[in-house]
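Notes to accompany the following structure.
Residue numbers (mature numbering (1 follows the signal peptide of the UniProt record, and there is no 0)): -20 to -1, 1 to 735.
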């Protein structure tokens, strides 16, 4: 197993991680790897050089403002997706629809190398995560309390930062894998790098044919205001369709000299949106409409195209850890699909109908940032700016088709054209310093000016909005002992409504459900507090964190009936909500051949909102979520992994989502030092389901969706050149990684989180 060398200057940007970290020895516990300290000769006063600490360890511990998890050690990373990788991170859950939750909250930003990406916003995020290859991801940074250097676009809230793989070693290497799965699924990927002199090249390509078929049952009892009685309705659905996905990305860097580096990057991702589905509706009679029994068939075709490019300039100054970074990122996501509907009625006297719906959604983001960092007054000061634009376009054309003549007529009630353009200007500053041998602190302040232009083209309504927010953050660490640290964090975040949240036009989803945004939504302000304790118990790395989060003007789902059997879901600012919890992680070797990674989150959440009768309702939910993973090395060539994931009860607007769990198994066999065989099965017992329950004065509904959870994959991976990566032999799995965006390791590749 290779060592990772981490060098941090005690008054540089990594002050706190350096003095507060706990090294995990590569050798047995009886011979721990000890940090070594090298005192450099005192130079001239004009260029103050400070003491350096070099820590030799397998897994550097968490940084002051985030936890960093290595996801490459998961056996299934060679044939998994980004959604699978996130599902291996403590307190993170990605359901089969691609909805991401962190500590039970869906208000999560996902970034790539510290920057927002168009393909990971809005309704496109879930499918995009299921199309990205896990093998391209180096690590995942969990930032529950983002500091002043992070923007609040793309939803605000906590951040999951995907740090993409980078290789800075001289020479070339490449990895090729191919995998086959049940029901015709397959995927393959190749990634490699070549570094020679001042030049560095890295890239990857992947293809995937995958997806999850599903079934759903919706049982709904609605209040008939005419009779005062509840009317029973139910919907049974079946969805089928695996989709094709392909991706390319590449990075080239050039060292102009010892202090200046230029980097360029580009990426492209494409997937199909094809699906065949059938919905059987049985609606009870109300005082206004008769009973109905019919089947609605849907044939969907379409494509999603995502691309991005970036350019970056890095400069190292004369002072220790003095850096200047200028970064430009451009990304876009374009989604098109066509739905052909056919209603076949079993109700006597009803005529079969047909319809067509065309959807086009695109998002374009331009993100231009600059960051300057230097030592100042015994600590480190950092300042930066951001100029970002986020343009969204939504176009829906719905036509009713005459079943006899075939003539198409535009349905104005379901047709919509809408634009939202958002521009953000931001400045931030942070200061980090070591107060004494035990205490360290980091504080920051961010100012954001937001300008929004809303154009409801269909309704010929235009609106503008602009406002400024001041966002503080503060962190502290206290070294209790050589192996134990306390961490404290506070951050304020702003969640701005996205384009769909603000669009007032009614969008058709199915015969039971329509959706409309709310242009009067206010941003949600979130204040979060956290205290953590890190130590070692019986040789196992243990982290315990308590947290409290309060939302003001929280954005929640609000539902009411616009027809006897049609439920409108919209967004509203609730009276407020808060959540608190206790989170833990434990990882390490139980025996020389058995490694444990486990985590849990005991949470309590509360929401206050007005229900469909205008009553103020306050609901509370207690839940326990967690995961446990065991890695067993049978011998030098065989490794077995078992993983149990559990998601606790979560509140969702006027309802809640029930708990669920899955069990996965994987096996890796080393055929040769370059060739490995991997086999894995997800959701072995086929237990994963999504169940949402609503119980109000006018609506009682239970919605249950089940997926083709049990999926088998087997494949081969071959490595050309270089040496085996630490991730391929690492067993600890949830250990933090050096480098990446803003990481402590020099030259680790990924750009730092921008302004």
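Idealized CB from N, CA, C, for every residue including glycine. Predicted, not measured: the structure shown is a model, and the values here were computed from it.
Quiz item: Which residue comes first and which comes last in the beta strand (DSSP E) that contains residue 106?
Solution: Premise fails: residue 106 lies in the alpha helix (DSSP H), 105 to 111, not in any beta strand (DSSP E).
Quiz item: If you run the structure through DSSP and keep just helix, strand and coil, what is residue 675?
Solution: strand
Quiz item: What residue does the alpha helix (DSSP H) around residue 62 start on, and which one ends it?
Solution: 62 to 66
Practice problem: Would you check if the distance between the CB atom of residue 623 and the CB atom of residue 640 is smaller than 8 Å? | Solution: no
Exercise. With distances taken Cα to Cα, identify the nearest neighbour of residue 606 among 67, 382, 270, 62.
Key: 67
Quiz item: To which residues of the same chain is residue 564 closer than 6 Å at the C-beta, ignoring the five residues directly before and after it?
Solution: 524, 580
Quiz item: Using a C-beta cutoff of 8 Å, does residue 613 count as contacting chain C?
Solution: Note that chain C does not occur in the displayed structure, where there is just one protein chain.
Self-check item: Supposed contact pair residue 598 and residue 585 - C-beta distance, whole angstroms, cut 8 Å
Solution: With 8 Å as the limit, residue 585 and residue 598 do not qualify as a contact, their Cβ atoms being about 11 Å apart.
Self-check item: Residue range of the beta strand (DSSP E) that includes residue 479
Solution: In this chain, residue 479 is not harboured by any beta strand (DSSP E); it is covered by the alpha helix (DSSP H) spanning 479 to 482.
Exercise. Go through its chain and collect everything with a Cβ distance to residue 796's Cβ below 6 Å, but skip five positions before and after it.
Key: Absent from the model: residue 796. The displayed extent of the chain is -20 to 735, so no value can be given.
Quiz item: In three-state terms, what does DSSP make of residue 162?
Solution: helix
Quiz item: So residue 158 and residue 695 are in contact, right, with Cβ under 8 Å, and what is the actual spacing, rounded?
Solution: A Cβ-Cβ distance of about 6 Å is found for the pair residue 158 and residue 695, placing them in contact under the 8 Å criterion.
Quiz item: What's the C-alpha gap between residue 198 and residue 558?
Solution: 30 Å
Exercise. Enumerate in chain order the residues of its own chain whose CB-to-CB distance from residue 115 is below 6 Å, with the five nearest sequence positions on each side excluded.
Key: 57, 58, 169
Quiz item: Quick one: what's residue 460 bridged to in DSSP?
Solution: Paired residue(s): none; residue 460 is not in a bridge.
Self-check item: Integer Cβ distance of residue 468 from residue 511, believed to fall under 8 Å
Solution: Contact holds; Cβ gap of about 5 Å.
Quiz item: Quick one: is residue 280 buried, meaning 16 or more other Cβ sit within 10 Å of its Cβ, or exposed?
Solution: buried
Self-check item: Simplified DSSP state of residue 581, which is helix, strand or coil
Solution: strand
Practice problem: Have a look at residue 156 and residue 171 and give me their C-alpha separation to the nearest angstrom. | Solution: 7 Å
Quiz prompt | DSSP state of residue 644 mapped onto helix, strand, coil | solution = strand
Quiz prompt | Opening and closing residue of the beta strand (DSSP E) in which residue 476 lies | solution = Here residue 476 belongs to no beta strand (DSSP E), and DSSP marks it neither H nor E.
Exercise. Confirm, please, whether the CB-CB distance from residue 271 to residue 282 is below 8 Å.
Key: no
Self-check item: Spatial neighbours of residue 630 in its chain, beta-carbon cut-off 6 Å, leaving aside the 5 residues before and after
Solution: 84, 637, listed in sequence order.
Quiz item: Nearest-angstrom Cα distance between residue 674 and residue 357?
Solution: Residue 674 and residue 357 have their alpha carbons spaced roughly 57 Å apart.
Quiz item: What runs of the beta strand (DSSP E), each 3 residues or longer, lie entirely inside the region 536 to 565?
Solution: Complete beta strand (DSSP E) runs here, min 3: 546 to 553.
Quiz item: Would the beta-carbon of residue 424 fall within 8 Å of that of residue 403?
Solution: no
Self-check item: the region 423 to 437 touching the region 448 to 458, judged by at least three CB pairs closer than 8 Å
Solution: At 8 Å Cβ cutoff, the stretches touch.
Self-check item: Residues sharing a beta bridge with residue 179, DSSP
Solution: 176, 234
Exercise. Could you check if residue 653 is buried or exposed, using at least 16 other CB atoms within 10 Å of its CB as the buried criterion?
Key: exposed
Quiz item: Which two residues bound the contiguous beta strand (DSSP E) that contains residue 516?
Solution: 504 to 517
Exercise. Return the chain-ordered list of same chain residues with a C-beta closer than 7 Å to the C-beta of residue 515, the five sequence neighbours on each side being excluded.
Key: 463, 464, 522
Exercise. With a cut-off of 8 Å on the beta carbons, I'd call residue 388 and residue 376 a contact; round off their distance for me.
Key: Contact flag wrong, Cβ pair sits at about 15 Å.
Quiz item: In three-state terms, what does DSSP make of residue 100?
Solution: helix
Quiz item: Would residue 259 be called buried (16 or more neighbouring beta carbons within 10 Å of its own) or exposed?
Solution: buried
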